[in-house]
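Only one structure is covered here, and it is reproduced in the block below.
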Amino acid sequence: MGTQATRQDEVERKYDVGPDLALPVLTVVDEVASMGQQEVLDLQAVYYDTAGLDLHRHGISLRRRTGGVDDGWHLKLPREGDRRTEVHLPLGRAVRTVPAKLLEPVRAIVRDRPLLAVATLTTHRLQQTALDDEGHVLATVCDDRVEGQSTLDPDRRLYWREVELELGDGQPDGLLARLEAPLLEGGASRSQSTSKVRRVLGEPGDLDGDKDCDGDGVRGRRQARRPRRGRKAKAATVFLTQAEHHVRDLYRHDRGVREGERGSVHQLRIAARRLRSTLDTFGPLMVPGSTDLLRAELRWVGQALAAARDAEVLRQGMDRLVADQPAELVLGPVSSRIDRDLAKARAAGVEAAGEAMSSERYYRLLDLLDDAVRSPRWSGSAGRRAGEVLPRLLAKDARAVRRAARRAREVHGPDRDLALHTVRKKAKRLRYAAESAQVVLGPGTAKLAKHAKQVQSALGDHHDSVVARAALRQWGIEAHLDGENAFTFGLLHGLEQARGQAAEESFDVALSRLGKKPVRRELRQ
9 MGTQATRQDE VERKYDVGPD LALPVLTVVD EVASMGQQEV LDLQAVYYDT
59 AGLDLHRHGI SLRRRTGGVD DGWHLKLPRE GDRRTEVHLP LGRAVRTVPA
109 KLLEPVRAIV RDRPLLAVAT LTTHRLQQTA LDDEGHVLAT VCDDRVEGQS
159 TLDPDRRLYW REVELELGDG QPDGLLARLE APLLEGGASR SQSTSKVRRV
209 LGEPGDLDGD KDCDGDGVRG RRQARRPRRG RKAKAATVFL TQAEHHVRDL
259 YRHDRGVREG ERGSVHQLRI AARRLRSTLD TFGPLMVPGS TDLLRAELRW
309 VGQALAAARD AEVLRQGMDR LVADQPAELV LGPVSSRIDR DLAKARAAGV
359 EAAGEAMSSE RYYRLLDLLD DAVRSPRWSG SAGRRAGEVL PRLLAKDARA
409 VRRAARRARE VHGPDRDLAL HTVRKKAKRL RYAAESAQVV LGPGTAKLAK
459 HAKQVQSALG DHHDSVVARA ALRQWGIEAH LDGENAFTFG LLHGLEQARG
509 QAAEESFDVA LSRLGKKPVR RELRQ
């Protein structure tokens, strides 16, 4: 089976202190009854990353450390505020080869790139625990004197002293502020670096130069993260802000899929879909053709994840539908047939998704995403004000929804189902674009997004009904051939057909709301 990784959440802060500062005793804090015996530790850590410091850019550290009670490989993943998640593996025999199990959560970041030692840290640590009156650990205080050396830059060697304050398991976050008060009053200051290796390698923002966009005054990554509100914001800034947000979501849900988190496949598909919609809508801001390959590959990954998600959605719908029927109308092993078939379909879908996400093609897709955000190839429209550009782009997407709806009305049967699914995809793109523009265009855009979502939701119900009817028909045939009673599958098929018709009626109402006024007029302030 191999060694299993352990995982724990930690809450800690770091403080800069002078070399000769005497640290206050934390027993001045009401909750602290006593301090544990001081331990002396000498720690040696080697940090690993890609040559481009990709883990470092994402606030993640990966190290092999010896000399402490938790010798081993440590992967630290950032969370909100002072929280971190640490994944730990024992040392094992390998000294320079990072265990594959530790890389799996960050595979979307490191991809198939080799890892190398990027920094070494030697820490002389004085460690004590703060205890309550029952002997429970409230926090651990570490007084560290550190020597850090970058292996990428032999001339970069640093020496410093810092204090770490880490809450004990189960302690409330608010305790941290009370425990740090005597430290701050005694001359310590909160560290600007959230980790030791960050201090050695430098802040990630220092690794990227701002990129001017062909002289149009639009800057790249760091300046785009906090978009200027209002119509005077640059159109390119709106795109970059949204794209970066969706890329972060994709990385997060990629990790969730690899770790088996419930719902992560669905969320990863949404992130990929939102990215593709953002590129579709904001395409005129970039050089024609510059994002064609990226959009095609995002479509591919969505398709690669589809089977697993489709089985999940169908399973949820069938569970509800069968449970709603009177017992006397459920004839034969209906649920067991559905469960068996969809469990097999989901397992095959998960396997296919895993193969896709471990492929060179997927890693190159992620490379394309990085390039699109770090070095976008702007057109002349990128530097114009969002208030001028975005209404035109949204109006174009709204017209596409209406055109697709007109075509859907002209066809019947299976072709109509496909045509309505196309309308749904167009409405989804409009919704995502309108949501992206809300920060600069105001409440009119929120209304547009709401109406587009109503169209999308109605047609989503219709599409689910179409898929369910096809599955129910197949299950009915198989049940009959196996000598079972197929009555219930026919009953459920009829109910799904009625749901599809009701969804079409809801779609007509939602579409009428979307089409009352020209979009550009509705967005005027």
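Here our numbering runs 8 ahead of the position in the sequence shown, where the first position is 1.
The C-beta atom is built at its ideal place from N, Cα and C for all residues, glycine as well.
Beta-carbon separation (whole angstroms), residue i vs residue j, contact threshold 8 Å
i      : j      : result
Val295 : Ser387 : 6 Å
Leu2   : Leu428 : No answer is possible for residue 2: it lies beyond the span of the chain, which begins at 9 and ends at 533.
Leu503 : Leu329 : 7 Å
Ala360 : Ala315 : 6 Å
Pro212 : Arg424 : About 51 Å; that fails the 8 Å criterion.
Gly182 : His144 : Their Cβ separation, rounded to whole angstroms, is 16 Å, which puts Gly182 and His144 out of contact at 8 Å.
Leu398 : Val246 : 7 Å
Where residue i sits in the DSSP three-state scheme
i      : result
Thr35  : helix
Lys240 : coil
Asp375 : helix
Ala53  : strand
Gln482 : helix
Gln46  : coil
Val95  : strand
Pro86  : strand
Gln16  : strand
Arg73  : strand
Arg393 : strand
Arg21  : strand
Gly468 : helix
Gly100 : coil
Gly80  : strand
Leu522 : helix
Val517 : helix
Residue from the options with nearest C-alpha to residue i
i      : options                        : result
Asp141 : Ala41, Val103, Arg317          : Ala41
Leu438 : Ala196, Ser285, His429, Phe497 : Ser285
Ala479 : His459, Gln505, Pro190         : Gln505
Arg411 : Val431, Arg424, Leu110, Asp425 : Val431
Arg153 : Gly268, Asp28, Thr35, Arg104   : Asp28
Ala147 : Gly44, Val208, Pro98, Asp62    : Gly44
Glu174 : Asp78, Val25, Cys150, Pro190   : Cys150
Ala30  : Leu191, Val463, Arg186         : Leu191
Arg307 : Leu322, Ala280, Ala316         : Ala280
Arg393 : Ala457, Glu486, Glu513, Ala244 : Ala244
Tyr23  : Arg115, Leu184, Gly80          : Leu184
Arg164 : Gly176, Arg207, Gly143         : Arg207
Leu209 : Arg260, Leu63, Leu248, Arg477  : Leu63
Arg256 : Gly325, Val103, Arg87          : Arg87
Gly498 : Ser465, Ala435, Leu337         : Leu337
Lys109 : Thr130, Gly176, Thr11          : Thr11
Tyr370 : Gly310, Ala380, Leu49          : Gly310
Ala511 : Leu522, Ser465, Glu193, Ala494 : Ser465
Ala477 : Gly508, Ala457, Gln324, His459 : Note that residue 477 corresponds to Arg in the displayed sequence, not to Ala. Checking every option, the nearest Cα to that of Arg477 belongs to Gly508.
Leu160 : Phe515, Tyr56, Val48, Glu20    : Tyr56
Ala138 : Glu188, Val103, Phe247         : Glu188
Lys404 : His420, Lys434, Arg282, Gly395 : Lys434
Residue-chain proximity (residue i, chain D), Cβ-Cβ < 9 Å
i      : result
Val145 : Checking the listed chains, one finds no chain D in this structure; it contains a single protein chain.
Euclidean distance between Cα positions of residue i and residue j
i      : j      : result
Ala127 : Ser201 : 15 Å
Arg266 : Leu376 : 21 Å
Leu287 : Arg382 : 14 Å
Gly156 : Arg119 : 27 Å
Ala442 : Leu402 : 7 Å
Val54  : Ser69  : 10 Å
Gln559 : Leu339 : Residue 559 is absent from the model: the chain starts at 9 and stops at 533.
Ala454 : Gln446 : 6 Å
Pro384 : Leu301 : 14 Å
Pro98  : Glu112 : 16 Å
Met326 : Ser367 : 33 Å
Arg15  : Glu269 : 14 Å
Arg317 : Asp347 : 15 Å
Arg414 : Asp472 : 22 Å
Arg303 : Val273 : 19 Å
Ala487 : Arg92  : 52 Å
Ser199 : Ala312 : 44 Å
Ala390 : Leu124 : 38 Å
Gly75  : Leu49  : 7 Å
Arg186 : Glu39  : 9 Å
Ala416 : His96  : 55 Å
Residue i Cβ short of 8 Å to the ligand FAD heavy atom set
i      : result
Gln446 : No copy of the ligand FAD appears in this structure; indeed no ligand is present at all.
Can you check the segment 150 to 226 for any alpha helix (DSSP H) of at least 4 residues that lies completely inside it and give the ranges in chain order? 182 to 193, 204 to 209
Give the list of continuous beta strand (DSSP E) stretches no shorter than 3 residues that lie fully inside the segment 121 to 151. 124 to 139
Mind pulling the beta strand (DSSP E) runs of 3 or more residues that sit fully within the segment 260 to 308? none
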